[in-house]
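A.B. asks:
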Amino acid sequence: MSVLQIIDRPSPNFDARTRPIDLVVLHYTGMQNAEIALARLTDDTPTAGEFPGPWQRPDVLKDAPLPRVSAHYVVDEAGAVYRLVPEEHRAWHAGAASWEGEGDVNSRAVGIEIVNGGHDFGLPDFPDEQVASVIELTRQILKRWDLKPHRVVAHSDIAPERKSDPGEKFPWKRLADAGVSIWPKALVHADIADSDPVIRAQERLAKLGYAVKATGSLDPQTRYVVMAFQRRFRPSSITGQIDDETQAILAALSLQMPRY
Ligand SMILES: [Zn+2]
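Take any residue in the sequence shown, note its place counting from 1, add 66, and you have its number in the numbering used here.
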């Protein structure tokens with residue numbers, strides 16, 4: 067068990083929660099480096115010119131305002147933990163999102179930004195020291211708020227059409243092995259082929275918390291959610307298709323979910 071090195075780097079970007087904490091949301095920063103990400107997450111008047119990158123049009127006006135954002139914590143590549151917003155306050159990291167049918171995820175979540183360039187910068191690996199700190203920090207948060215491992219989610223889980231972080235290279239199984247996330251134990255294959263695999267998948271995904279309507283068809287909203295699910299639990303193949311292995315992982319996780 068590692069001892070966390072916590073560095074206070076207060077952000078002015080927060081407001082009051084409207085409900086108790088019951089989720090931890092993991093992100094990657096998706097920016098060039100830790101210092102730039104910390105500057106963005108603590109800036110109360112960010113502009114496009116201050117934060118150039120592949121996410122904006124080259125002809126964007128330099129003084130165009132950007133939304134104010136923050137997180138409770140930032141974990142850098144060496145495993146140092148920056149505390150930006152006290153957990154008691156509502157940080158601004160989830161954006162438009164939904165989990166278990168509720169939209170204001172920021173009110174109920176502790177947000178952790180993991181320094182990593184992400185998809186815009188070639189999906190770098192997450193160093194072991196960094197993963198160890200994410201695990202220890204998450205373990206402490208779950209303990210502090212009396213939360214179970216299934217309360218830890220990806221930004222891509224709660225905003226599947228907009229977000230893909232922390233990305234398919236994030237080692238979720240290591241978190242699960244450390245008791246701070248879920249992972250399918252034994253895959254559960256159906257005895258006979260499901261006559262309606264799409265509706266079954268939609269029901270199971272919704273039960274896990276994903277925002278997906280039970281339409282019975284593999285429509286765009288379903289494909290985005292299936293991709294988010296695969297990005298997290300079957301990262302070797304992110305297709306948006308409900309194949310046999312995806313069904314078996316989904317069935318396994320549904321059985322593992324605590325009743326509450
Ligand atoms: Zn994010």
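Heads up, the beta-carbon is just placed ideally off N, CA and C, and yes, glycines get one too.
Taking the alpha helix (DSSP H) that residue 270 belongs to, which residues open and close that run?
C.D. replies: Counting along the chain, the alpha helix (DSSP H) containing residue 270 begins and ends at 263-274.
A.B. asks: According to DSSP, simplified to helix, strand and coil, what is residue 131?
C.D. replies: Strand, per DSSP.
A.B. asks: Indicate whether residue 183 and residue 268 have their beta-carbon atoms separated by less than 8 Å.
C.D. replies: Taking 8 Å as the Cβ cut-off, residue 183 and residue 268 do not qualify as a contacting pair.
A.B. asks: What's the call for residue 177, buried or exposed, on a 16-neighbour Cβ count within 10 Å?
C.D. replies: With 16 or more other Cβ atoms within 10 Å, it is buried.
A.B. asks: At the level of alpha carbons, what is the spacing between residue 146 and residue 134?
C.D. replies: Roughly 23 Å separates the two Cα atoms.
A.B. asks: So, using beta-carbon positions, are residue 317 and residue 254 closer together than 8 Å?
C.D. replies: Yes, these two residues count as a Cβ contact at 8 Å.
A.B. asks: Is the CB-CB distance between residue 93 and residue 232 below 8 Å?
C.D. replies: Yes.
A.B. asks: Does the Cβ of residue 221 lie closer than 7 Å to at least one heavy atom of ligand 1?
C.D. replies: Residue 221 Cβ: within cutoff of ligand 1.
A.B. asks: Is the stretch 257-265 close to the stretch 193-211, with three or more CB pairs under 8 Å?
C.D. replies: No, the stretch 257-265 does not touch the stretch 193-211.
A.B. asks: For a quick check, are the C-beta atoms of residue 108 and residue 180 less than 8 Å apart?
C.D. replies: Not a contact, by the Cβ cut-off of 8 Å.
A.B. asks: For residue 165, which beta-bridge partners are listed by DSSP?
C.D. replies: Per DSSP, 168.
A.B. asks: For residue 149, list the residues DSSP reports as bridge partners.
C.D. replies: Residue 149 is bridged to 74, 139.
A.B. asks: Is the CB-CB distance between residue 290 and residue 237 below 8 Å?
C.D. replies: Contact flag unset, no.
A.B. asks: Buried or exposed for residue 77, going by 16 or more other Cβ atoms inside 10 Å?
C.D. replies: Counting Cβ neighbours within 10 Å, residue 77 comes out buried, since at least 16 surround it.
A.B. asks: Who are the Cβ neighbours of residue 130 in its own chain at under 7 Å, not counting the five residues just before and after it?
C.D. replies: Excluding positions up to five away in sequence, the list reads 113, 114.
A.B. asks: Taking only the alpha-carbon atoms, compute the straight-line gap between residue 282 and residue 105 and give it to the nearest angstrom.
C.D. replies: Each residue's Cα considered, the two are about 45 Å apart.
A.B. asks: What is the DSSP secondary structure of residue 312, reduced to helix, strand or coil?
C.D. replies: Reduced to three states, the DSSP call for residue 312 is helix.
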